[in-house]
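Remarks on the structure that follows.
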């Protein structure tokens, strides 16, 4: 972390104020999470953690030989009908824990030898994360990865400046129409563009040292069947409005999950040529491909 303990404490206080009538994410549900009420994410005042520990399923530049110290948070501001981790994001698999316990988890993955702390789906629990980091301020030294679906409030992201080392957002769609249909989110494309630009402002292009990412922005994009993600528009936005040297992982692991079979267009895996066309387009734009 590059901010003082005093400043981090101020961020904790400010972030918790957003929970009184919750405006933490762009949904702006307005519920009092301080009192335990829940909104779209269905998480109240305590973070719910599904699992944690060393993880080797992330990008090679994040896991190296030691693994990424992932903490999977239950709940999500998005409602993707094809969510690959739906048992965690939608079915809320996990346990409510205190911020002190969360702080101990952060120290545990550090003791296990993790290369970084990888916060998975953290957008709706930022205050809890900040307080846990405040608790272990003098003991915790790993780079911190913010692994998000991209539906983030700029106001909340600004509370993370100097705290987050690597932003790793998804850009799921290049339009609002399909985000409304498949993620029940009518303004995703509008929101994600602002969020990505703020992340880029804070940490810049991805920095890789000795094969390991240490700082910067790494964007993920999951290719969907029949160009439903509007991938070309996503990639053009990254190139022209984020950075010509941006790093992106074009992901090919889509498979029907959760409620996807209720949508014929989502009820099959992607084809090899669908994926290759997106990768080729990204390469032709000059973007840095990361796997």
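Numbering (the numbering used here), first residue to last: 9 to 299. Quick reminder that beta carbons are idealized off the backbone N, C-alpha and C, glycines included. Note that the coordinates shown come from a computational prediction; the quantities given were computed from them, not determined experimentally.
Report task. Note down, in chain order, each residue of its chain lying with its Cβ closer than 6 Å to the Cβ of residue 182, except the 5 sequence neighbours on either side. Result -> Reading the chain shown from its first residue, position 174 is the one you call residue 182. Same-chain partners within the cutoff: 238, 241 and 242.
Report task. Report the three-state DSSP secondary structure of residue 148 (helix, strand or coil). Result -> What you label residue 148 is simply residue 140 of the chain shown in a count that begins at 1. Residue 148: coil per DSSP, three-state reduction.
**Report entry** Sub-9 Å separation of residue 30 and residue 47 beta-carbons
**Finding:** Residue mapping note: residue 30 aligns to position 22 of the chain shown, counting from 1. Residue mapping note: residue 47 aligns to position 39 of the chain shown, counting from 1. Yes; because the gap between Cβ atoms is below 9 Å, this pair is in contact.
Query - residue 132, DSSP secondary structure in three states - result: In the chain shown, residue 132 corresponds to position 124, counting from 1. It is helical.
Requested in this report: Would you mind working out which of 180, 292 and 204 sits nearest residue 91, comparing C-alpha positions?
Outcome: Position 83 of the chain shown, counted from the start, is the residue given in the question as residue 91. Per the C-alpha coordinates, the member of 180, 292 and 204 positioned closest to residue 91 is 180.
Report task. Could you check which residue in 294, 263, 254 and 88 has the C-alpha nearest to that of residue 175? Result -> Here the question's residue 175 lines up with position 167 in the chain shown. When only C-alpha atoms are compared, the closest one is 254.
Report task. Examine the Cβ distances between the region 216-235 and the region 257-275 and report whether three or more of them are shorter than 8 Å. Result -> yes
**Report entry** Where residue 207 falls: helix, strand or coil (DSSP)
**Finding:** The sequence position of residue 207 within the chain shown is 199, counting from 1. Helix.
Query raised in the report: At a cut of 8 Å, does the region 75-87 reach the region 129-147 through at least three beta carbon pairs?
Result: yes
Query - Run of the alpha helix (DSSP H) containing residue 56, from where it starts to where it stops - result: Residue mapping note: residue 56 aligns to position 48 of the chain shown, counting from 1. Looking at the DSSP string, residue 56 is not in any alpha helix (DSSP H); the run it does join, the beta strand (DSSP E), is 56-63.
Report task. Give a yes or no on whether the C-beta atoms belonging to residue 244 and residue 293 are separated by under 9 Å. Result -> Mapped onto the chain shown, residue 244 falls at position 236. Mapped onto the chain shown, residue 293 falls at position 285. A contact, by the Cβ cut-off of 9 Å.
Query raised in the report: Does the beta carbon of residue 12 sit closer than 9 Å to a beta carbon anywhere in chain B?
Result: Although the question refers to chain B, the structure presented lacks it and comprises just one protein chain.
Query raised in the report: When you compare each of 203, 26, 108 and 151 to residue 118 by their alpha carbons, which one comes out closest?
Result: Along the chain shown, one-based indexing puts residue 118 at 110. Out of 203, 26, 108 and 151, 151 has the C-alpha closest to the C-alpha of residue 118.
Query raised in the report: Where does residue 56 land, buried or exposed, given buried means 16+ other C-beta within 10 angstroms?
Result: On the chain shown, residue 56 is found 48 positions in, with the first residue counted as 1. Buried, since its Cβ has 16 or more Cβ neighbours within 10 Å.
Query raised in the report: CB residue 159 to CB residue 111, shorter than 9 Å?
Result: On the chain shown, residue 159 is found 151 positions in, with the first residue counted as 1. On the chain shown, residue 111 is found 103 positions in, with the first residue counted as 1. No, the pair does not count as a contact, with Cβ atoms beyond the cut-off.
Query raised in the report: Roughly how many angstroms lie between the CA atoms of residue 236 and residue 190, to the nearest whole one?
Result: As a working note, residue 236 is residue 228 in the chain shown. As a working note, residue 190 is residue 182 in the chain shown. Using only the alpha carbons, I get a separation of about 10 Å.
Query raised in the report: Going along the chain, which residues of its own chain have a beta-carbon closer than 8 Å to the beta-carbon of residue 333, five neighbours each way excluded?
Result: Residue 333 falls outside the range modelled here, since the chain spans only 9 to 299, and no answer is possible.
Query raised in the report: Looking only at its own chain, which residues have a Cβ that is under 6 Å from the Cβ of residue 143, when we skip the five neighbours before and after it?
Result: Counting from 1 along the chain shown, the entry for residue 143 is found at position 135. Cβ within range, chain order: 111.
Query raised in the report: Do you know how far the Cα of residue 98 is from the Cα of residue 87?
Result: The count along the chain shown starts at 1 and reaches residue 87 at position 79. The count along the chain shown starts at 1 and reaches residue 98 at position 90. For residue 87 and residue 98, the distance between alpha carbons rounds to 7 Å.
Query - Close-in-space but distant-in-sequence residues of the same chain around residue 161 (CB under 6 Å, 5 per side omitted) - result: The count along the chain shown starts at 1 and reaches residue 161 at position 153. Closer than 6 Å at Cβ, skipping near neighbours: 33 and 34.
Requested in this report: Report the partner residues of residue 255 according to the DSSP bridge assignment.
Outcome: Reading the chain shown from its first residue, position 247 is the one you call residue 255. The partner list for residue 255 (beta bridge, DSSP) reads 226 and 296.
Report task. Leaving aside the five residues before and after residue 115 along the sequence, list all residues of the same chain whose C-beta is less than 8 Å from its C-beta, in chain order. Result -> Within the chain shown, numbered from 1, the residue matching residue 115 stands at position 107. Cβ neighbours of residue 115 beyond the five flanking positions: 144, 147 and 148.
Query raised in the report: Buried or exposed: where does residue 233 fall if 16 or more other Cβ atoms within 10 Å of its Cβ makes it buried?
Result: Locating residue 233 in the chain shown gives position 225, counting from the first residue. So residue 233 ends up on the buried side.
Requested in this report: Could you please give me the residues that DSSP links to residue 213 through a beta bridge?
Outcome: The residue labelled residue 213 in the question sits at position 205 within the chain shown. According to DSSP, which records beta bridges pairwise, residue 213 is partnered with 225.
Report task. In angstroms with no decimal places, state the Cα-to-Cα distance between residue 250 and residue 211. Result -> The sequence position of residue 250 within the chain shown is 242, counting from 1. The sequence position of residue 211 within the chain shown is 203, counting from 1. If I take the Cα positions, the gap works out to 12 Å.
Query raised in the report: Between which two residues does the beta strand (DSSP E) harbouring residue 79 extend?
Result: Position 71 of the chain shown, counted from the first residue, corresponds to residue 79. Note, residue 79: beta strand (DSSP E), 76-81.
Requested in this report: Check the DSSP bridge columns for residue 178 and list the partner residues they point to.
Outcome: Along the chain shown, read from residue 1 onward, the residue named residue 178 stands at position 170. 228, per the DSSP bridge assignment.
Requested in this report: Could you give the DSSP three-state label for residue 171: helix, strand or coil?
Outcome: On the chain shown, position 163 is the one that residue 171 refers to. It is coil, neither helix nor strand.
Query raised in the report: Roughly how many whole angstroms lie between the Cα atoms of residue 104 and residue 290?
Result: Indexing the chain shown from 1 puts residue 104 at position 96. Indexing the chain shown from 1 puts residue 290 at position 282. Cα to Cα, the separation comes out at about 41 Å.
Query raised in the report: Considering only C-alpha positions, which residue in the set 66, 62, 58 and 273 is nearest to residue 94?
Result: Against the chain shown, residue 94 aligns to sequence position 86. Nearest C-alpha to residue 94: 58.
**Report entry** N-terminal and C-terminal residue of the alpha helix (DSSP H) that residue 111 is part of
**Finding:** Residue mapping note: residue 111 aligns to position 103 of the chain shown, counting from 1. Its alpha helix (DSSP H) spans residues 107-119.
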